[in-house]
Amino acid sequence: MALALASELLREPQFWNAERHQLECGTTVCDLGIEATGGLNAGRLLAEICLSGLGTVSLESWAGVGTSTAVAVATDHPLFACLGSQYAGWQIKQGKFFGMGSGPMRILAAKEPLIGELGITDQNEVAVGILETATMPTDEVCCAIAHDCDISPKQLYLFVAKTASLTGNLQIVARSVETAMHKLHALEFDLSLVRSGRGVAPLPPVAKNDVQGIGRTNDAILYGSSVTLWIDAPGELLAEVAQKLPSRSSKEYGRPFEEILQAVKFDFYQIDPLLFSPAEVHLVSLRDGTTSTAGRIDQEMLVQSFG
Numbered sequence: 290m291a292l293a294l295a296s297e298l299l300r301e302p303q304f305w306n307a308e309r310h311q312l313e314c315g316t317t318v319c320d321l322g323i324e325a326t327g328g329l330n331a332g333r334l335l336a337e338i339c340l341s342g343l344g345t346v347s348l349e350s351w352a353g354v355g356t357s358t359a360v361a362v363a364t365d366h367p368l369f370a371c372l373g374s375q376y377a378g379w380q381i382k383q384g385k386f387f388g389m390g391s392g393p394m395r396i397l398a399a400k401e402p403l404i405g406e407l408g409i410t411d412q413n414e415v416a417v418g419i420l421e422t423a424t425m426p427t428d429e430v431c432c433a434i435a436h437d438c439d440i441s442p443k444q445l446y447l448f449v450a451k452t453a454s455l456t457g458n459l460q461i462v463a464r465s466v467e468t469a470m471h472k473l474h475a476l477e478f479d480l481s482l483v484r485s486g487r488g489v490a491p492l493p494p495v496a497k498n499d500v501q502g503i504g505r506t507n508d509a510i511l512y513g514s515s516v517t518l519w520i521d522a523p524g525e526l527l528a529e530v531a532q533k534l535p536s537r538s539s540k541e542y543g544r545p546f547e548e549i550l551q552a553v554k555f556d557f558y559q560i561d562p563l564l565f566s567p568a569e570v571h572l573v574s575l576r577d578g579t580t581s582t583a584g585r586i587d588q589e590m591l592v593q594s595f596g
């Protein structure tokens, strides 16, 4: 499904301000934001590829500070689209190369404990992946990924963009629902009960470098996103869960993410995992028609982050 969604991009990359490369090993690498210009449409499509075509991404107006544009994402398959595909949980290290991997290739590789915990499996001769990186992957990197996915390198399709690009900026901010799902997983909530999700987060200015870009895109979600989940559970339970779900439930809340990241010397695993969640949540019960709301948009933190 992800490959079918990307077919137009692969056929006419120039329309998307992208560059298609065929490596010696046979892997197809599509640059949307390293050397290539990319843009808003490329970012939106890349985000939908991240979701394996199981969700839609659009641009909306934003009435807050620092930007006039927001990224909205909606899905009726939040478990598979967000955690099974979109979540950037595969750290790919090969020689001097480093990239955060997302997309459905993660299911084939099954390198993360999360994939096993969710019980998601797939058998496919094609692998599609997205790499958040500032460096183009080499033949060695692609062969290693293909090996982990148990496919031929010729059947591997990678889409790449750095954080400090318009494309990368947008596709990361499109992860508001994903962060809510991941936080629910951390809270040991039954994710199969979540039927649909929609999130909106402000699109920050493109950063001057990737470190600032990581800070701004995370701040957009931690302090600026609002997520609604439709859940097949009683309202009484959702009222309790909602209070634990927003980012302000973390001890790390209240500082720009770039500052938090530098304090732990760029080791994400040293950051409180409860921080990675939306600023505001609305949990709608499909059983009794009630809505539980918690958290709020923090305009002051967005001013600090976006400048």
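So the sequence shown is numbered by my numbering: it starts at 290 and just counts up by one. The C-beta atom is built at its ideal place from N, Cα and C for all residues, glycine as well.
Annotation: the continuous alpha helix (DSSP H) that includes Arg395 extends over Met394 to Ala398. DSSP places Lys533 in the uninterrupted alpha helix (DSSP H) bounded by Gly524 to Lys533.
In this structure, the CA atom of Ile409 is about 30 Å from the CA atom of Arg537.
For Pro491, the enclosing beta strand (DSSP E) has its first and last residue at Val483 to Pro491.
Short of 6 Å from the beta carbon of Arg333, and not among the five residues preceding or following it, lie these beta carbons of its own chain, in chain order: Val346. Per DSSP, Arg464 lies in no beta strand (DSSP E) and is assigned neither H nor E. By the 16-neighbour rule on beta-carbons within 10 angstroms, Ala552 is exposed. Bridge pairing for Val592: absent [DSSP]. Secondary structure of Trp519 (DSSP, three-state): strand. For Val500, the enclosing alpha helix (DSSP H) covers residues Asp499 to Leu511. Out of Trp519, Gly344, Phe557 and Ile440, the CA that lies nearest to the CA of Glu541 is found in Phe557. Contact check for Gly524 against Thr579 passes: the beta carbons are separated by less than 7 Å. The Cβ neighbour count for Asn458, taken over all protein chains shown within 10 Å, is at least 16; the residue is labelled buried.
In this structure, the CA atom of Leu372 is about 6 Å from the CA atom of Glu467. The alpha helix (DSSP H) runs lying completely inside the segment 309-378 and spanning 4 residues or more are 329-339, given in chain order.
About 7 Å separates the beta carbon of Leu420 from that of Ile381, a gap short enough to meet the 8 Å contact definition.
Using a 10 angstroms sphere on the CB of Leu476, the tally of other CB atoms stays under 16, which defines it as exposed.
Under the three-state reduction of DSSP output, Ile586 falls in the coil class, being neither helix nor strand.
As summarised for the segment 415-462, the continuous beta strand (DSSP E) elements at least 3 residues long and confined to that stretch are 416-421 and 445-450, given in chain order. Remark: three or more beta-carbon pairs, one from each stretch, lie closer than 8 Å, so the segment 565-580 and the segment 509-523 are flagged as touching. Residues Leu348, Trp351, Thr356, Thr358, Ala359, Val360, Asn458, Leu459, Val462 and Ala509 of the same chain have their beta carbon placed closer than 8 Å to that of Leu492, with the five preceding and five following residues left out of the count.
Here Lys472 carries a helix assignment [DSSP, helix/strand/coil].
Excluding five sequence positions before and after His310, the CB atoms of its chain that fall closer than 6 Å to its own CB belong to Val318, given in chain order. Under the three-state reduction of DSSP, Gly390 is assigned to strand. Assigned with DSSP and collapsed to three states, Ile404 falls in helix.
A residue is called buried once 16 or more other Cβ atoms fall within 10 Å of its Cβ, and Ser574 is buried on that count.
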